[in-house]
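K.L.:
Take a look at this one; I'll ask things after.
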Amino acid sequence: MKFRILILSAAALTLSLSASAQSLSKTPALLEPSSTQYYMNQYLANPAMAGADSGLHVNAAYRAQMNAVEGAPETKFFTADGYIGNRVGAGLNVMNDKAGLLSRTRVAATYAYHLPLNENGSRLHFGISLGLNFQRLDYDKIDGDNSDPAIGAFNRRDDYFEADFGMAYTNQHWNIQAALPNIRSTFSNKTDATVNGGTILFTALSYRFLLENAVSSIEPKLAYRAVKGYEGIADIGLNVGILENVANVTAFYHTSGSYSVGAGVRVANTVRVLGMYTKQTSGYRTLTDGGYEIALALDLFR
1 MKFRILILSA AALTLSLSAS AQSLSKTPAL LEPSSTQYYM NQYLANPAMA GADSGLHVNA
61 AYRAQMNAVE GAPETKFFTA DGYIGNRVGA GLNVMNDKAG LLSRTRVAAT YAYHLPLNEN
121 GSRLHFGISL GLNFQRLDYD KIDGDNSDPA IGAFNRRDDY FEADFGMAYT NQHWNIQAAL
181 PNIRSTFSNK TDATVNGGTI LFTALSYRFL LENAVSSIEP KLAYRAVKGY EGIADIGLNV
241 GILENVANVT AFYHTSGSYS VGAGVRVANT VRVLGMYTKQ TSGYRTLTDG GYEIALALDL
301 FR
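Quick note: the sequence shown, position 141, residue 141 per UniProt numbering, numbers continuous.
Listed below in structure tokens is the structure:
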């Protein structure tokens, strides 16, 4: 009974945080995070998920636009996380984003604590990441005078530290999360957009149905992102596991006016490959035919 109360309380907290964040935003956000953060690599969105599973998990992803023009955005993600014992998990999170002349990189290290609540797998997770952000102009792509003092001044700017905090409740079925990315930028009232698009709140709620046929699991998910200076974005998705989760299909609708669809496969219970396609349907439209993301994961020492 007390764990049912805990679940309902955590869900209420998640929805309350989402509602309060509405006042922090004004206009539609144009930036999307990695599609892998919802199911395949939840550590990307929440430091509390570092080392939540046994073993070592190494993830890499690449995102770009279809039929991209020169200078179009492209993003690379890399994470490594694992359980190191005594209820402690650790992780490394690296992101690089390039758009035109601007290159932005973030490197963060994560500490997570996983507290068992019972013998049935219910756990509370807490995590914090400390990162360093870099922003540079690429001299090789400048069509003009590289000696312009403004260019040098931009590249001489100090790199700055950032912190993220997250928590989660998980059991065999429920996954309830809340995370505060970019704590320093948010609470210091800095006007600069952070390297991951300025997200100041991430919440998510999902329930996994376990089945015993060709469809082995169905997991609907509702997530919310508050982005500084923009309207909040809800992500409504579904992940379906097939043949004991050897394969999966994923679909998401984002209230920013886009949808994402994809499919993945697991090989030898060690390698996971995922491909995602995202299409803008309303609001902001690009000149290219949507975007794609390819991801690879290695699950080692499990």
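By construction, the Cβ of each residue, glycine as well, lies at the ideal position given by its N, Cα and C atoms. Only a predicted model underlies this, so the values are computations on that prediction, with no experimental measurement involved.
1. For M95, does the three-state DSSP call read helix, strand or coil?
2. If E32 sits next to S216, beta carbons under 8 angstroms apart, how far is it from one beta carbon to the other, in whole angstroms?
3. What is the residue span of the alpha helix (DSSP H) that T186 lies within?
4. Here's the rule I'm using: 16 or more other beta-carbon atoms within 10 Å means buried, otherwise exposed. How should I268 be labelled?
5. Assess contact between the segment 56 to 67 and the segment 233 to 249, defined as three or more Cβ pairs (one per stretch) separated by less than 8 angstroms. Is contact present?
6. Between the Cα of G198 and those of Y277, L137, G71, E231, spot the shortest distance and give me the residue it belongs to.
7. Spatial neighbours of V94 within its chain, please: CB distance less than 6 angstroms, with the 5 preceding and 5 following residues excluded, ordered by chain position.
8. Just tell me which of A99, E119, L124, N86 has its CA closest to the CA of A178.
9. Write down the C-beta distance between F202 and P181 rounded to the nearest angstrom, noting that I regard them as a contact closer than 8 angstroms.
10. Taking the alpha-carbon positions, what's the Y292 to E74 distance?
11. By how many angstroms is the C-alpha of N86 removed from the C-alpha of G264?
12. Within this structure, are the beta carbons of Y43 and D97 separated by less than 8 angstroms?
13. Beta-carbon separation of T278 and S35 under 8 angstroms?
14. Less than 8 angstroms between the C-beta atoms of I233 and V227, yes or no?
15. Identify, in the order they occur along the chain, each residue of the same chain with its Cβ nearer than 8 angstroms to the Cβ of R184, setting aside the five sequence neighbours on each side.
P.N.:
Reading off the structure:
1. In the structure shown, M95 adopts extended strand secondary structure according to DSSP, grouped into three states.
2. Taking a contact as a CB-CB distance under 8 angstroms, the pair E32 and S216 does not count as one, their CB atoms being some 28 angstroms apart.
3. Here the alpha helix (DSSP H) through T186 covers 183 to 187.
4. The identity of residue 268 in the sequence shown is Ala, whereas the question assumes Ile. Exposed: under 16 other Cβ atoms inside 10 Å.
5. No, because fewer than three Cβ pairs between the segment 56 to 67 and the segment 233 to 249 fall closer than 8 angstroms, the two stretches do not touch.
6. Put simply, of Y277, L137, G71, E231 the residue whose alpha carbon is nearest the alpha carbon of G198 is E231.
7. Setting aside the 5 residues that flank it on each side, V94 is surrounded in the same chain by F78, V107, each with a C-beta closer than 6 angstroms to its C-beta; the list follows chain order.
8. Per the Cα distances, L124.
9. Correct: roughly 6 angstroms between the Cβ atoms.
10. Cα to Cα, Y292 sits roughly 10 angstroms from E74.
11. Whole-angstrom Cα-Cα distance: 32 angstroms.
12. Here Y43 is not near D97, since their CB atoms are 8 angstroms or more apart.
13. Result yes, Cβ atoms of T278 and S35 sit closer than 8 angstroms.
14. V227 is positioned such that its CB atom lies closer than 8 angstroms to that of I233.
15. Excluding sequence neighbours, R184 sits near Y160, F161, E162, A163, K190.
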